[in-house]
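For the sequence shown, the residue numbers in the numbering used here are 23 to 304. Even for Gly, the Cβ is constructed at its ideal location relative to N, Cα and C.
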Amino acid sequence: MDSAPVEIDGSVMEGGGQILRVSAALSCITGTSVKISKIRAGRSSPGLRPQHLSGLQLVSDLCSGGLQGASIGSTDISLTPGKIQGGNHTADPQTAGSVCLLLQVALPCALYAAGPSQLCLKGGTNAEMAPQIDYTIKVFKPIVERFGVHFDCDVKMRGYYPKGGGEVMVTVNPVKELQPVVMTERGNITKIYGRAFVAGVLPYKLAKDMSAAAVRVIRKEIKELYINISNLQEKENACGSGNGIIIIAESSTGCVFAGSALGKKAQVCMQIESVQKLLRCC
């Protein structure tokens, strides 16, 4: 006889999408049925948005699970997982929803699949209220590799709000178990680098201005290190127009920190915001 599903209250703490992603991933990994209610109750528009729905469908596909009640606006869903399969899987919310948040819910599941998985994730690669794809590749990836996690992330097309249209191919190799790590000492900052970018119709000068301003702010706090922030203009491999910056710092103990920000029409100081985020970590 099947046990009753674990009931999850989606309104606890911030009442956002994170509890949904974590609950769905853990359900898939442990083989435990869950019933999640009051989904995103803490948001101005409660219930599932296209990105959350795509993430749930992706997890359900990965584990050949049963997904009930999942539609745009739903506040209650049930997931009954099966065996996690490898193979090819696609998630496309058809919005600028973050591909990195799709990866966030799918990667833990794919790590325990029966074979390698290839995930085609579509949407926004550089989106608000989510990690940028650059952060995922340059910061998140090297850290989880220390746990024995191996995945490749190939950015086919960058996508920006409001069009989306980005595409990332992620290949994940399963693991038998995760390796323990010790990361309790920050160490000394040994390297600072980053990426300032513009895409679409935005001028290259904007990228140069962002990186120059970021270097000036960092220099007030950290004077002895060379700071290498590259300036990029993406024309062929981007959908829509956007701009932003990410600044990364590495330490003597192997820690990786970063600060990032995206450009907005009413915001001219995103480079300062990214530096402030980085310096709070350092």
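Here's the rule I'm using: 16 or more other beta-carbon atoms within 10 Å means buried, otherwise exposed. How should V290 be labelled?
Summary for V290: the model assigns pLDDT 47, below 50, so the residue's position carries little reliability; its value from the coordinates is reported in the next sentence. With fewer than 16 Cβ atoms within 10 Å of its Cβ, V290 is classed as exposed.
Less than 8 Å between C-beta atoms, sequence neighbours within five positions excluded: which residues of the same chain meet that for C122?
Here the set comprises T147, A149, A152, P153, Q154, I155, Y157, T158.
Quick check: S59 and L101, are their CB atoms within less than 8 Å of each other?
Contact annotation: S59 and L101 have beta-carbon atoms that are not nearer than 8 Å.
Can you tell me the Cα-Cα spacing of M23 and G77, whole angstroms?
Its pLDDT being 40, under 50, M23 is placed unreliably by the model, and the measurement read from it follows with that caveat. Rounded to whole angstroms, M23 to G77 spans 29 Å at the Cα level.
Neighbour-count burial assignment, K160, 16 or more Cβ in a 10 Å radius
Label assigned to K160: buried.
Cβ atoms of C85 and G108: under 8 Å apart, would you say?
Cβ atoms of G108 and C85: not closer than 8 Å.
Hey, quick one: how far does the beta strand (DSSP E) through D114 stretch, first residue to last?
Annotation for D114: no beta strand (DSSP E) segment contains it, and DSSP assigns it neither H nor E.
Distance, Cα to Cα, V220 vs S263?
Roughly 7 Å separates the two Cα atoms.
3-residue-minimum beta strand (DSSP E) runs that sit fully inside the region 236-295, ordered along the chain:
Within the region 236-295, the complete beta strand (DSSP E) segments at least 3 residues long are 249-256, 264-273, 278-284, listed from N- to C-terminus.
Alpha-carbon spacing of V34 relative to T112, whole angstroms
Spanning the alpha carbons of V34 and T112 requires a straight line of approximately 30 Å.
Pair within 8 Å by beta-carbon distance, I240 and I268:
Annotated as distal: I240 and I268, with beta-carbon spacing of 8 Å or more.
Rounding to the nearest angstrom, what Cα-Cα distance links R43 and T97 in this structure?
When rounded, the separation of the alpha-carbon atoms in R43 and T97 is 14 Å.
Would DSSP call Q79 helix, strand or coil?
Q79: helix per DSSP, three-state reduction.
Could you spell out the range, first to last residue, of the beta strand (DSSP E) harbouring K105?
K105 -> no beta strand (DSSP E), and no H or E assigned at all.
Run through the region 104-178 for me and flag every whole alpha helix (DSSP H) of 4 or more residues, listed as ranges in chain order.
Taking only runs of at least 4 residues, the alpha helix (DSSP H) segments lying wholly in the region 104-178 are 121-132, 163-167.
Check whether L75 and A92 have beta carbons under 8 Å apart
Contact: yes.
Hey, could you find the ends of the beta strand (DSSP E) T193 is sitting in?
Here the beta strand (DSSP E) through T193 covers 188-195.
Taking the alpha-carbon positions, what's the C131 to I106 distance?
Cα-Cα distance, rounded: 7 Å.
Whether N210 touches S274 by CB criterion (8 Å):
Yes, the Cβ-Cβ distance between N210 and S274 is below 8 Å.
Touching by the beta-carbon criterion (3+ pairs, under 8 Å), the region 165-178 and the region 196-206:
Yes, they touch.
Rounded straight-line distance, which links the Cα of V223 to that of L141
The C-alpha of V223 is placed about 30 Å away from the C-alpha of L141.
Beta-carbon separation (whole angstroms), D174 vs V190, contact threshold 8 Å:
Wrong, their Cβ atoms sit about 10 Å apart, outside the cutoff.
For K213, which residues does DSSP report across the bridge?
Bridge partners of K213: E272.
Rounded C-alpha distance that separates G137 from E199:
In a straight line, the C-alpha of G137 is about 14 Å away from that of E199.
Is DSSP giving D98 helix, strand or coil here?
In the structure shown, D98 sits in coil (DSSP, three-state: anything other than H, G, I, E or B).
Mapping DSSP to helix, strand and coil, what is A26?
When DSSP states are grouped into helix, strand and coil, A26 belongs to the coil group.
Whose C-alpha, out of V127, A234, A135, E258, is nearest the C-alpha of C110?
Just to set this straight, residue 110 is Asn in the shown sequence, not Cys. Among V127, A234, A135, E258, the Cα nearest to that of N110 is on A135.
Just mark I30 as buried or exposed, buried being the case when its beta carbon has 16 or more other beta carbons within 10 Å.
Result: buried.
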